[in-house]
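In my numbering, the protein residues as written are -15 to 453.
Beta carbons are placed, not taken as given, at the ideal position from N, Cα and C, and that holds for glycine.
Remember, it's a predicted structure, so these values are computed and weren't measured experimentally.
Below is one structure, written out as structure tokens; comments come after it.
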Amino acid sequence: MVKARCIFILWASLLAAGCAAVGPDYRVPSGAVVNAPAAQGPFLSGGEAVTAEPLPDHWWKLYDDPRLDGLIEQALAKNTDLRVAEANLKRSDALLAEARSSRFGGLADVEVNYVQQSAEAALQHVQPPERYTANAGVGVSYDLDLFGRIRRGIEAASADQEGMVAARDLARVSVAAETTRAYADICNSGRQLDVVRRSIAIQQQSLTLTRELVRNGRSPLFEQQRQQGTVESSQARLAPLAARQRNAAFRLATLVGRPPRDYDPAWLICATPLELKHPIPTGDGEALLKRRPDVRAAERRLAAATARIGVATAALYPDIKLGATIGSTGAAVDFLSALTNRFGIGPAISWDLNRSAVRDRIVASQAGAKASLASFDGTVLLALRETETSLDTYAAALDRLARLEQSEQEAAQVLARTRELRKGGRIGGLVALDAERNWIAATAATATAEADVNSDQIDVFLALGGGWS
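As structure tokens, this is what we get:
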């Protein structure tokens, strides 16, 4: 009769285990910003500088620069921020595995003692004998999880783990972008150094001609002094630009996992800005929000917060476990005998009766889910704003560069004609000096604009969140 009751209880418990988990089932709320049609359509900004084609997995290959490809490969393998992100991801994997195994419990213990019992504790006045005692046993349990506390906990841990994957991807996006930016800074500083050096060479040629004119009495001395000052002013720009280039090399070295002093001197040879031969492929808002790691991480935090409402709600109901123990406890000489052997089997029920505290935890979990939803909406809006802003800035930078390049060409033509006229004595040195200054200013402005375009391109790629499927 007793066995029949035990079997009935066991089967009833197993059938009840099929009950649905309490708390809300997660889905992205229909009112979330990510579902708004305006968030999923094409971008407003960029114009002819971009296309609606999908962003490739490895966007930096659009520059077609093998050295840059190699540097990013090194950074992804050795960057310290990525090592931290990978370690955090492994920790999250372990916590998820722990959550999945939490239904099963087990404990084994072995103990051997040489003891003497207290006579007075047993209300005796005869000293008990000294003897060896032994205790060994194994206990196992299985949580039926009738109301889904463990299942919701696994959902939360799984969402947290997926959030850590997104955090790792975000670190990779940032490392790729900052590596590209450091390399671009090296090349643009090299380009600006080259412009200044060529300017100085032209100024020195003009200065030589002016000295000859002064010597022959065809030009006043102050024109020679004025041009000498212009040469000195240009030479003063070399040291800051060289420092900027070295600093970018130091930054690049640390990004690829090296001390700054171990930067490769060959990096400093680059004097050609990175160039995109085609418009930037951006896709649309829907693809952006699926791709951006910070958006994915925020959505997973919302999923985890929603699952934790179920974890808190399950505490309103009893937690039932099926358990069994077997062992032997008693005098060592009788160990594993009928006198010391023991066993037990049956369900165990635990129930938190402080209902007020349980309900308070539910309210707190619900508030946490609302905060996570607000954070998710904010992250989506930030992603869209950053993308539109970076595209608008990039399109304006391209327009500015095109106009400055035209201005540089015109200044170069004026300079060439002015030098011819001056050699023939048809114009004075002041006019020639103004033409040189205009050309130098136009060339320097173009080089600066090229650097700005590279920086804006990288900002676009960073905002698009690309790098991996």
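Cα-Cα separation between residue i and residue j, rounded to whole angstroms
i	j	result
Lys62	Leu55	11 Å
Ala23	Glu372	11 Å
Arg242	Ala59	10 Å
Ile134	Tyr126	12 Å
Leu405	Leu446	51 Å
Ala322	Gly311	11 Å
Asp246	Leu236	10 Å
Glu420	Ser374	35 Å
Leu79	Ala296	19 Å
Ala227	Thr427	20 Å
Arg136	Lys74	21 Å
Gly121	Val94	7 Å
Leu66	Val149	12 Å
Ser190	Leu417	8 Å
Glu270	Gly25	7 Å
Asp383	Gly31	11 Å
Ser439	Cys254	16 Å
Ala431	Asn19	43 Å
Tyr167	Leu52	7 Å
Leu300	Ser340	10 Å
Thr290	Pro263	41 Å
Leu252	Arg230	8 Å
Phe319	Tyr98	14 Å
Arg470	Ile442	Coverage of the chain is limited to positions -15 through 453, which leaves residue 470 absent and any answer about it impossible.
Arg387	Thr266	25 Å
Ile346	Lys354	13 Å
Glu196	Gly451	60 Å
Asp305	Val124	Position check: residue 305 holds Lys in this sequence, whereas Asp was assumed. Distance between the alpha carbons of Lys305 and Val124: 10 Å.
Pro113	Thr324	18 Å
Trp(-5)	Ala83	Only weak support exists for where Trp(-5) lies, its pLDDT of 47 falling under 50; the coordinates are left without a value.
Gln209	Lys407	19 Å
Tyr10	Glu370	28 Å
Classification of residue i by the beta-carbon crowding that lies within 10 angstroms, buried from 16 upward
i	result
Ser14	exposed
Trp335	exposed
Ala140	buried
Asp129	buried
Ser349	buried
Ala381	buried
Val12	exposed
Phe88	exposed
Ala232	buried
Pro38	exposed
Asn338	exposed
Met(-15)	Below a pLDDT of 50, predicted positions are generally treated as unreliable, and Met(-15), at 49, falls in that range; no measurement from the model is reported.
Leu357	buried
Leu107	exposed
Phe206	exposed
Ser102	exposed
Val110	exposed
Leu91	exposed
Asp48	exposed
Asp361	buried
Asp41	exposed
Thr402	buried
Phe131	buried
Tyr116	exposed
Leu28	exposed
Val444	buried
Ser85	exposed
Val317	exposed
Cβ separation of residue i and residue j, assumed to be a contact under 8 Å, to the nearest whole Å
i	j	result
Gly307	Gly330	7 Å
Leu448	Leu272	6 Å
Pro224	Cys171	With 8 Å as the limit, Pro224 and Cys171 do not qualify as a contact, their Cβ atoms being about 17 Å apart.
Arg175	Glu389	In fact, because the Cβ distance is near 13 Å, the residues do not count as touching under 8 Å.
Val96	Ala118	5 Å
Asp268	Thr363	Wrong, their Cβ atoms sit about 18 Å apart, outside the cutoff.
Arg292	Gly352	7 Å
Ala143	Ala287	4 Å
Ser218	Gln187	6 Å
For residue i, the residue or residues it bridges with in DSSP
i	result
Gly309	What sits at residue 309 in the sequence shown is Thr, not Gly. Thr309 pairs with Gly123, Gly328.
Leu91	Gly123
Asp303	Ser334
Asn534	A query on residue 534 cannot be resolved here, the shown segment of the chain reaching from -15 to 453 and no further.
Val527	In the structure displayed, the chain extends from -15 to 453; residue 527 sits before or after that span and is not available.
Val34	Ile264
Ala315	Thr117
Interface flag, residue i vs chain B, CB-CB below 7 Å
i	result
Glu82	Protein chains in the displayed structure number just one, and chain B is not present.
Point to revise | Whole runs of the alpha helix (DSSP H) within the region 207 to 262, excluding any shorter than 4 residues | key: Entirely contained in the region 207 to 262, the alpha helix (DSSP H) runs reaching 4 residues are, in chain order, 222 to 239.
Review point. Which runs of the alpha helix (DSSP H), 4 residues or longer, sit entirely within the region 398 to 452?
Key: Those alpha helix (DSSP H) runs which fall completely within the region 398 to 452 and span 4+ residues are 413 to 448.
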